[in-house]
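Going letter by letter, the sequence shown gives residues 25 to 265 in the numbering used here.
Think of the CB as a built atom: it goes at the ideal place given N, C-alpha and C, for glycine as much as any other residue.
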Amino acid sequence: MAGHSKWANIQHRKSRQDAKRGKAWTKIIREVTVAAREGGGDTLTNPRLRLAMEKATAANMPKDNVLRAIARGTGEADGVNYEEIRYEGYGIGGAAVIVECMTDNKARTAPEVRHAFAKHGGNMGTDGSVAFMFKHCGQFVFGPGNNEDQIMEIALEAGADDVVTDEDGYIEVVCEIPAYHTVITAFGAAGLTPESSNIVWKAEVETELAGEDGQRMQKLLDALDDLDDVQEVYTNVIINE
25 MAGHSKWANI QHRKSRQDAK RGKAWTKIIR EVTVAAREGG GDTLTNPRLR
75 LAMEKATAAN MPKDNVLRAI ARGTGEADGV NYEEIRYEGY GIGGAAVIVE
125 CMTDNKARTA PEVRHAFAKH GGNMGTDGSV AFMFKHCGQF VFGPGNNEDQ
175 IMEIALEAGA DDVVTDEDGY IEVVCEIPAY HTVITAFGAA GLTPESSNIV
225 WKAEVETELA GEDGQRMQKL LDALDDLDDV QEVYTNVIIN E
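Following this line, the structure appears as C-alpha cells:
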C-alpha cells in the first residue's frame, strides 16, 4: 500500500468537492434516487440506499431532500430518470482512470467526459479497457493514531478481506461489497469512525507521477470531478508533490 501521498491526493479531491456543497448534495440526491429505484425505499432491504443515506447524513443534507429523492426513485413522485454510466480512459503516462456518472442525457455526458480527457492530455477508452486493473469493493480508511489490532479484529470478524497499515499509520480495510454494511456496522458498534468509507474501484497496481506530469494528471482528475454528471473518479496514480 502506498504512503501518505495517496491519501493526501484523495482528501484533496474530496475537499474540493465538499467545498461545493450544492454539487455534493446533487451527487448524493442522484445516488439516493437511483438506489431507491433499483432496490426500493426500505433501507433494511436495500444496502445501497442505506449507504447513500449515510452519505446524506454526513453531508448534513436536510431529511426532506432525501425523502423526496426516495419518492422519485420509487415512482411515488415525478422526477428525472437518471442512468448510471461508467467511462474508462487513460491519463498522463497511460495512467488508468475510471469515471462513474449518473445522467439524464448520455448524449451530453459522453462528449463532456471525452473532452475533459482530451483537453488535459488523456484519452477515453472502451468499456473494460482499464477496469481489469481495479477491484470493485468496500473500503474503509482510518487515520494515524487508531488501534490497529482493534480495527483488524473487528474487521476480520465482520467479514473483511484485508487490513493493511502504511508507513504513515493510515489503516485501510477492504471487503467484498456484500459485506460492506456488516463491516461498517461492526465499526460503529465499537465506536470507531473511519475517515472515509465507500464502495470504490480500488487499483490493484499503482503507479506514481511527480513534477509536471503529476500536475497535469491532477488537472485532469479535477476537470473530470468538476463535470456535473460525474459522481466519482478513480485512478491508479499516486501523485507525489
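query, result
"Cβ shell of alanine 234 (< 6 Å), same chain only, five flanking positions each side left out", "Asn264"
"As assigned by DSSP and simplified to three states, the class of serine 29", "Low confidence applies here, because serine 29 scores a pLDDT of 48, under 50, leaving its location unreliable and the question unanswered by this model."
"Chain-order list of residues whose beta-carbon lies under 6 Å from that of phenylalanine 145 (same chain, five-residue window excluded)", "A quick correction: the sequence has glycine, not phenylalanine, at residue 145. Cβ neighbours of glycine 145 beyond the five flanking positions: Ile116, Arg240."
"Same chain only: Cβ atoms within 6 Å of proline 71, ignoring 5 sequence neighbours per side", "His205"
"Run of the alpha helix (DSSP H) containing phenylalanine 141, from where it starts to where it stops", "130-143"
"Start and end residues, beta strand (DSSP E) containing phenylalanine 166", "158-166"
"In DSSP terms, what alanine 120 is bridged to", "Tyr114"
"Close beta carbons around aspartate 250, own chain, < 7 Å, minus the five adjacent residues each side", "none"
"Local Cβ density within 10 Å of glutamate 108, reported as buried at 16 or more and exposed below that", "exposed"
"Per DSSP, cross-strand counterpart(s) of isoleucine 195", "Phe166, Thr189"
"Residues of its chain near valine 121, where Cβ-Cβ distance is below 6 Å and the 5 sequence neighbours each way are ignored", "Gly113, Gly115, Thr259"
"Residues bridged to serine 220 [DSSP beta-bridge criterion]", "Val165"
"For leucine 68, three-class secondary structure by DSSP", "coil"
"Bridge partner(s) assigned by DSSP for tyrosine 258", "Ile122"
"Reduced DSSP category for threonine 206 - H, G, I as helix; E, B as strand; rest coil", "helix"
"Same chain, Cβ closer than 8 Å to glutamine 4, neighbours up to 5 away in sequence not counted", "Nothing about residue 4 can be read from this structure; the chain reaches only from 25 to 265."
"C-beta contact flag for valine 224 and glutamine 163 at 8 Å", "yes"
"Presumed contact (8 Å Cβ cut-off) between alanine 247 and alanine 140, rounded CB distance", "4 Å"
"Close-in-space but distant-in-sequence residues of the same chain around glutamine 242 (CB under 6 Å, 5 per side omitted)", "Ile263"
"N- and C-terminal bounds of the beta strand (DSSP E) containing alanine 234", "231-234"
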